[in-house]
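Presented below is the structure to which this report refers.
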Amino acid sequence: MQIESRLFADDGETPNNPTLPLVLMRGSGVVAEDDPAGWFEERFASHGWTSAWRWGVYSYHHFHTTNHEVLGVVIGQARLMLGGAHGEEFVVGPGDVIVIPAGVGHRCLEASEDFMVVGAYPRGKEPDLMKCSGKKSDRDRIAAVPLPDEDPMHGAHGPLFHHWKRRCSS
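Counting from 1 along the sequence shown, just add 47 to a position and that's the residue number in my numbering.
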């Protein structure tokens with residue numbers, strides 16, 4: 048498994064997250080061949096990330112101010128813009144897992160026809176859906192979102208916390 052993390056700055060429209068980086072775990076999902084979407088749903092739920100859904104990623108920049116989000120790539124490939132319009136492009140494929148902190152902008156630039164992710168949220172809390180606005184109230188809500196209890200793939204001692212707790216304590 049290869050882990051990448053990026054901390055994106057507020058660009059005036061997309062607040063991003065001032066303390067928590069986006070974490071991309073490449074090849075983290077050892078996806079079951081018979082039901083890869085179900086495998087991600089079960090794995091995420093076993094670590095407290097529930098309210099799972101299956102779909103793609105919206106084609107417009109958006110973010111969530113009330114919750115973090117995890118995306119597990121089930122099938123296909125996509126080129127995503129993460130961090131808002133001034134963020135960074137990433138190509139993702141099957142088995143990749145993206146943990147998106149509250150406030151971090153994301154959108155799909157292009158995807159294969161079969162591209163599908165499973166998304167979920169810590170504690171099963173449904174997120175809001177915000178388009179880029181630059182409002183101070185968005186930043187205040189983002190700052191109030193608590194850390195999840197567990198890494199969605201690896202539990203209480205997973206690599207997510209190496210990146211998130213280290214950043215919060217600096």
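Glycine included, each C-beta is placed from N, C-alpha and C at the ideal position.
Just so we're clear, the structure is a prediction, and the values are computed from it rather than from any experiment.
Beta-carbon contacts of residue i that lie in its chain and below 6 Å, excluding the five residues immediately before and after
i, result
"D57", "N63"
"G85", "none"
"L156", "R126, M128"
"H204", "none"
Which residues DSSP lists as bridging residue i, in chain order
i, result
"T97", "Y168"
"K182", "None, per the DSSP bridge assignment."
"D82", "According to DSSP, D82 bridges with nothing at all."
"R126", "V138, E157"
"E116", "I147"
"G202", "D198"
"R73", "Q49"
Cβ-Cβ distance between residue i and residue j below 7 Å
i, j, result
"G134", "F55", "yes"
"P169", "W96", "yes"
"H94", "P199", "yes"
"D175", "T112", "yes"
"G131", "H108", "yes"
"G166", "W100", "yes"
Span of the beta strand (DSSP E), counted from its first residue to its last, around residue i
i, result
"H108", "It is not in any beta strand (DSSP E) - H108 carries neither H nor E in the DSSP assignment."
"Q49", "49-53"
Neighbourhood of residue i by C-beta, 8 Å cutoff - its chain only, sequence neighbours within 5 removed
i, result
"E160", "G123"
Same chain, Cβ closer than 7 Å to residue i, five either side skipped, listed in chain order
i, result
"S173", "For clarity, residue 173 is Glu in the given sequence; the question names Ser instead. Counting only Cβ-Cβ distances below 7 Å, and skipping sequence neighbours, we find S98."
At least three beta-carbon pairs within less than 8 Å, the region 133-147 to the region 185-192: no
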